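> Below is one structure. I have some questions about it.
In the numbering used here, the protein residues as written are 23 to 190.
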C-alpha cells in the first residue's frame with residue numbers, strides 16, 4: 023500500500039525529533055569531558071589525591087590503556103547489536119517499527135557514548151593519582167575523538183529506519 027503524504031510527514035517529524043534528542047544527549051556527554059578537564063585544572067595544585075609508587079601507577083596506567091583499547095574495539099559491535107534488535111520485526115505496524123527504530127537508535131548511541139566517556143573518566147582517575155599531564159591529555163584526547171566519531175548522523179538514523187522497515 024503506498025504511503026500517503028501525511029504518513030511521510032509524520033515519519034519525517036518523528037525522525038527529526040529523534041535526531042534532535044540524540045544530538046542533545048551527545049552534546050551533553052561531550053560537554054561532560056570539558057567538565058572533567060575543568061575539574062582537573064581546578065584541582066591541579068591539590069593533586070595527587072592518591073599517592074602511589076611509580077611502579078603501581080605504571081601498572082594502573084597500563085590497565086587503563088588496556089581497558090580503553092577494549093572499549094574502542096567493542097563499542098562498534100555493541101552499537102550494531104543494539105540496532106539489530108529492531109530488524110526483522112514481522113506483523114508490526116508502521117508506527118511500531120518507527121518507534122522501535124527510534125528507541126534502538128538512541129539506545130545504541132547512548133551505550134557507545136557512555137563507553138567512550140569512560141575513557142575520559144580514566145583520564146580523571148589518572149590525574150587524581152598524579153599520573154601527569156601527558157596521561158591525562160592522552161586519555162582525554164582519545165575519549166573526545168571517539169565521542170566526536172560517535173556523533174548522531176541523520177543518514178545513519180535513516181539507514182537504520184530503512185533496515186528496520188524493509189517492507190514499509
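The beta carbon of each residue, even a glycine, is placed where N, CA and C say it ideally should be.
Predicted, not measured: the structure shown is a model, and the values here were computed from it.
Whole angstroms is fine: what's the gap from residue 110's alpha carbon to residue 123's?
By 1-based counting over the chain shown, the position of residue 110 is 88. By 1-based counting over the chain shown, the position of residue 123 is 101. Approximately 11 Å, taken between the alpha carbons.
> Can you tell which of 165, 173, 179, 78 has the C-alpha that lies nearest to the C-alpha of residue 56?
Within the chain shown, numbered from 1, the residue matching residue 56 stands at position 34. It is 165 whose Cα lies nearest to the Cα of residue 56.
> Report buried or exposed for residue 80, applying the criterion of at least 16 other Cβ atoms within 10 angstroms of its Cβ.
Working through the chain shown from its first residue, we reach residue 80 at position 58. Exposed: under 16 other Cβ atoms inside 10 Å.
> In whole angstroms, give me the CA-to-CA distance for residue 42 and residue 92.
Residue 42 sits at position 20 when you count from the first residue of the chain shown. Residue 92 sits at position 70 when you count from the first residue of the chain shown. If you take the alpha carbons of residue 42 and residue 92, they lie about 30 Å apart.
> Specify, as a first and last residue, the run of the alpha helix (DSSP H) that residue 138 falls within.
Translated into positions along the chain shown, residue 138 becomes position 116. Here the alpha helix (DSSP H) through residue 138 covers 116-150.
> May I have the straight-line CA-CA distance separating residue 108 from residue 35, to the nearest angstrom?
Taking the first residue of the chain shown as 1, we reach residue 108 at position 86. Taking the first residue of the chain shown as 1, we reach residue 35 at position 13. Going by the C-alpha atoms only, they are around 20 Å apart.
> Give the straight-line distance between the Cα atoms of residue 148 and residue 75, rounded to the nearest whole angstrom.
Taking the chain shown and counting its residues from 1, the one referred to as residue 148 is at position 126. Taking the chain shown and counting its residues from 1, the one referred to as residue 75 is at position 53. Answer to the nearest angstrom: the Cα atoms are 13 Å apart.
> Inspect the beta-carbon positions of residue 8 and residue 126 and report whether they are closer than 8 Å.
Not covered by the structure: residue 8. The range shown for the chain is 23 to 190.
> Quick one: any contact between the segment 113-121 and the segment 153-167, if contact means 3 or more CB pairs under 8 Å?
Counting Cβ pairs under 8 Å, fewer than three are found: no touch.
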